Structures are given as structure tokens and as C-alpha cells.
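Residue numbers (the numbering used here): 110 to 423. All C-beta atoms in this analysis are idealised placements derived from N, C-alpha and C, irrespective of residue type, glycine included. Keep in mind it's a predicted model, so treat the numbers as computed, not measured. Beneath this line is the structure, given in C-alpha cells, with notes to follow.
And the structure:
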């Protein structure tokens with residue numbers, strides 16, 4: 110099974126990936142940073158559809174094998190995809206240090222491990238992923254309140270670092286001697302002329318629109334391969350979502366799951382920056398930095414999120 114953990118950056122994918130890593134047979138989450146660019150390149154007309162599909166399949170196979178044999182294992186403590194966010198990090202140390210006596214193909218055939226893969230904003234390209242992985246595909250889509258996402262992006266400088274800071278490795282297009290992130294394709298002039306806050310609102314709006322519109326167009330039968338999880342409700346009431354995830358990936362919780370939930374502070378009471386009053390205050394502060402059109406986008410995103418998220422609350 111190919112289990113894709115998707116959503117806009119900072120929507121809670123690292124948290125849910127760590128929790129799923131405690132389920133029986135689920136591998137540690139691998140980052141699909143470059144893999145998602147295959148779909149972007151296809152959308153920009155730079156590579157053919159069949160090339161994008163083949164590259165996605167090949168990269169997934171490579172990451173899966175790497176995980177099983179301990180190659181390119183992430184030991185960086187702060188990363189959500191590192192072994193330290195997995196309930197059994199020593200399993201991955203053993204893979205690095207010891208030679209497995211059982212052939213890899215036999216291990217895969219006998220144990221049917223679940224490959225877990227994190228992507229950003231790829232629900233919009235669900236058809237490509239389905240073409241690549243078919244019935245083996247399961248996509249968990251994390252969604253989160255736009256004001257909180259925008260705050261996360263702003264604090265990390267996403268409104269001014271793309272295409273400028275070489276350490277922010279997102280795909281960019283060349284436009285009038287400037288590097289513009291692919292999320293701004295179609296409104297490059299606005300991106301170059303506006304402030305970081307407006308850029309962030311529009312980039313998040315672009316991802317949300319593409320993903321939500323794609324989801325609405327997916328046939329009902331294929332939607333069974335997608336599970337949408339609202340971040341705010343999950344962290345407050347995780348139990349029904351854990352049961353749903355068990356059914357979704359045909360796995361089960363283990364004795365490690367409760368420990369990983371405690372580490373993720375689930376369940377929790379939303380307070381401080383996540384409280385309703387604080388969110389409304391941040392929204393008003395944000396609106397002061399936005400044009401009339403961007404304020405409209407922000408309020409539309411909030412209305413759509415608050416309407417859509419209630420449909421997936423368990």
C-alpha cells in the first residue's frame with residue numbers, strides 16, 4: 110500500500126505521520142519533496158503525463174526500498190520524518206547496521222509493509238497518483254484553519270524567501286528576471302509587486318482552490334481512497350479518527366500509539382494562539398496588511414474551510 114500524507118504545509122502532516130508510524134506494519138514517513146515536483150512539471154507542460162507517472166512510481170519504489178534497508182535514514186532530531194518521531198527508532202538503527210538474513214523481496218511479500226509518504230498540496234493531482242498506484246493508493250488529506258496556516262507561513266518567512274533563499278527548495282519559474290514560486294503561476298506580476306502577507310494568502314488560497322475543486326470532481330468510488338482529517342477536531346478528539354484510520358489502511362494501533370499521541374499532545378484543549386479569540390485578533394491584524402481583493406480571498410477561505418471541515422468531523 111502507498112499511504113500518502115498530504116495537505117498544505119503546516120497543516121499537521123508531521124503529527125499524523127508520526128501517529129500512523131505507530132500502527133502495525135506502517136513504515137516511517139518519507140518526505141516526497143521532489144516527487145511532488147513531477148506533477149508540477151507536468152502541469153506546467155514541461156514533461157508528459159506518462160513521464161510524470163513513471164517518475165512518481167520509480168521515486169516511490171526507491172524511497173520504500175531505502176526505508177526497508179536503512180539507506181538515507183533521517184536521524185535529525187527536529188524533523189517530523191526522523192526516526193526519533195517513530196515509536197521504534199532502534200528498528201531503523203538495526204537496518205543501518207545489520208545485514209538482514211531474509212531477502213528483501215521475501216520480507217515485502219510476507220509482511221506487506223505500508224509505505225508512508227508525505228507530500229504538499231497533491232490532492233489537486235490525485236488522478237496522477239491514482240494512475241501511478243491504483244487501488245494501492247490511500248491519501249490522508251490534512252486540512253487546517255486558514256488563519257493558523259497563514260500565521261505559520263508568515264513566521265517562517267514563506268512570503269519572501271521562495272526564489273531568494275537557496276535553502277528554501279521549492280520549484281520556481283523564471284519571470285522577468287525573477288524566480289517566482291510555482292504557486293504564483295498565473296499571478297506573477299501581483300506576486301512581485303505585493304507584500305509578504307498578501308503573497309502568503311494568495312499562495313495558500315491557490316493550493317486550497319486547486320485541491321478542493323479537484324476533490325469535488327473526483328468520482329464517489331475513488332473518494333473512498335481519500336480520508337480528509339480536520340486538524341482542529343483531530344487534536345481535540347483523536348479517538349474516532351484513529352478508528353477511521355485503522356479501517357482506511359486496514360491496520361491497527363499498537364501498544365506504542367498512546368505514547369506517540371501523548372508526545373503529540375493529543376487530545377488537547379485549543380488555547381493561546383489557537384483559541385477563537387486569538388484567531389480573530391490575528392485575522393484583524395492580518396487584514397490590515399492586505400488589499401481589498403486579498404481580504405476577500407482570506408474571508409472566502411475561512412468561510413469555505415469552516416463549511417467544508419464540518420462535513421468531515423467524526
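Please report the residue range of the alpha helix (DSSP H) in which residue i lies.
i	result
residue 300	297-302
residue 256	255-264
residue 284	It is not in any alpha helix (DSSP H) - residue 284 instead sits in the beta strand (DSSP E) that spans 281-284.
residue 347	347-358
residue 369	366-372
residue 411	401-419
Nearest CA to the CA of residue i: which residue from the options?
i	options	result
residue 115	297, 235 and 269	235
residue 169	112, 338 and 129	112
residue 128	371, 261, 412 and 280	371
residue 249	221, 405 and 138	138
residue 319	182, 163, 307 and 231	231
residue 131	166, 118, 179 and 193	193
residue 302	213, 400, 149 and 415	400
residue 343	244, 423, 229 and 329	423
residue 363	117, 123 and 133	133
residue 443	246, 316, 285 and 253	Since the first residue of the chain shown is 110 and the last is 423, residue 443 is not available in this structure.
residue 314	266, 330, 294 and 328	294
residue 151	237, 398 and 417	237
Nearest-angstrom Cα distance between residue i and residue j?
i	j	result
residue 143	residue 391	33 Å
residue 306	residue 200	43 Å
residue 215	residue 184	27 Å
residue 443	residue 147	Not covered by the structure: residue 443. The range shown for the chain is 110 to 423.
residue 227	residue 196	18 Å
residue 149	residue 281	10 Å
residue 321	residue 207	45 Å
residue 292	residue 360	35 Å
residue 158	residue 164	10 Å
residue 242	residue 393	44 Å
residue 288	residue 271	8 Å
residue 376	residue 266	29 Å
residue 324	residue 273	32 Å
residue 121	residue 254	11 Å
When burial is assigned at 16 or more other CB atoms within 10 Å of the CB, is residue i buried or exposed?
i	result
residue 251	buried
residue 218	exposed
residue 378	exposed
residue 221	exposed
residue 367	exposed
Can you tell me where the beta strand (DSSP E) holding residue i begins and where it ends?
i	result
residue 338	335-339
residue 305	Unbroken run through residue 305 is the alpha helix (DSSP H), 305-326; no beta strand (DSSP E).
residue 121	Per DSSP, residue 121 belongs to no beta strand (DSSP E) and is neither H nor E.
residue 112	111-116
residue 425	No statement about residue 425 is possible, as the shown extent of the chain runs from 110 to 423 and does not include it.
Output the residue ranges of the alpha helix (DSSP H) runs that lie fully inside the segment 143-210 and measure 4 residues or longer, sorted by chain position. 144-152, 158-178 and 198-206
Unbroken alpha helix (DSSP H) runs of length 4 or more, entirely within the segment 211-246: which are they? 213-220 and 235-242
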